[in-house]
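Undergrad: Numbering (this note's numbering), first residue to last: 1 to 215. Cβ atoms here follow ideal geometry from the backbone N, Cα and C, with glycine treated the same way.
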DNA sequence: GCCCAGGTGGGTA
DNA sequence: TACCCACATGGG
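(1) Just mark residue 212 as buried or exposed, buried being the case when its beta carbon has 16 or more other beta carbons within 10 Å.
(2) Which runs of the alpha helix (DSSP H) at least 4 residues long sit entirely within the segment 100 to 146? Give them in chain order.
(3) Closer than 8 Å is the cut-off here; do at least three beta carbon pairs connect the segment 105 to 112 with the segment 73 to 89?
(4) How would you label residue 132, buried or exposed, when you count the other beta carbons within 10 angstroms and need 16 or more for buried?
(5) Take residue 97 as the anchor and find which of 84, 123, 83 has the nearest alpha-carbon.
(6) Specify whether the segment 183 to 202 and the segment 142 to 151 touch according to this definition: at least 3 beta carbon pairs, one from each stretch, less than 8 Å apart.
(7) Taking the alpha-carbon of residue 143 as reference, which of 154, 170, 164 has the nearest alpha-carbon?
(8) Whose C-beta lies closer than 7 Å to the C-beta of residue 129 among residues of the same chain, with five residues either side of it excluded?
(9) Answer with buried or exposed for residue 43, where buried requires no fewer than 16 other C-beta atoms within 10 angstroms of its C-beta.
(10) Would a C-beta distance cut-off of 9 Å place residue 172 and residue 134 closer than the cut-off?
(11) According to DSSP, is residue 22 part of a helix, a strand, or is it coil?
(12) Going by Cα to Cα distance, which pick from 198, 204, 178, 185 is closest to residue 4?
(13) Pick helix, strand or coil for residue 11, following the three-state DSSP scheme.
(14) Taking only the alpha-carbon atoms, compute the straight-line gap between residue 207 and residue 166 and give it to the nearest angstrom.
(15) Using 9 Å as the threshold, is the C-beta distance between residue 51 and residue 31 below it?
(16) Does the separation of the CB atoms of residue 115 and residue 8 fall below 9 Å?
(17) Mind checking which residues open and close the alpha helix (DSSP H) that includes residue 157?
(18) I need the straight-line Cα distance from residue 155 to residue 168, nearest angstrom please.
(19) Do you know whose CA, among 180, 93, 215, 137, lies nearest residue 153's CA?
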């Protein structure tokens, strides 16, 4: 069976089981970016609390985050864990966004390779965060790889090199049509399935909707 | 108390 | 390049 067919089947099974996920859970692109940084190695429920604190303090915008002392920002995002490093990361991002006059629209005007390169140059933005921003904030077609994607694809026998981001991303990017809505839904479904079924501590369950797609 | 969660950057061999 | 490790809260 060809890889592209397998990937289509995985998507179909997940979509049939869970339906549309309506991602990213945020009101606007800037909030997507802040959330993407805060959720690094952290449960989303802890990030939601931090975002709520930022909203309550009325600082969920580039200017306010830039003006806010790093320590104060760290306290507001405390619930998201790693709050000192994450405060520095948010600071680094908004400092950089100043180069675009705080306009996400201008920042997103670049093509995907250029945008990705620029995002990766910012402190605290690695491959997954950069790709999440490109897909879910800029709405451009790139496939996001996260821990769930690695684990699920590994258990299906479709992960070429566990932990190798670029290699796994290539599996999706070279076998699927580059469609932003499709990539959005696909990754969101991986997260949904990873959280609910394909957990780290649990063996790949035989009742799972993907189990008979294993290679 | 223990394990885990939608990673990244820095240091060392 | 390929491993280590620090970073930290909150839920099960």
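TA: In short:
(1) exposed
(2) 104 to 107, 112 to 120, 127 to 132
(3) no
(4) buried
(5) 123
(6) yes
(7) 170
(8) 36, 37, 40
(9) exposed
(10) no
(11) coil
(12) 178
(13) helix
(14) 30 Å
(15) yes
(16) no
(17) Careful: residue 157 lies outside any alpha helix (DSSP H) and carries neither H nor E.
(18) 13 Å
(19) 215
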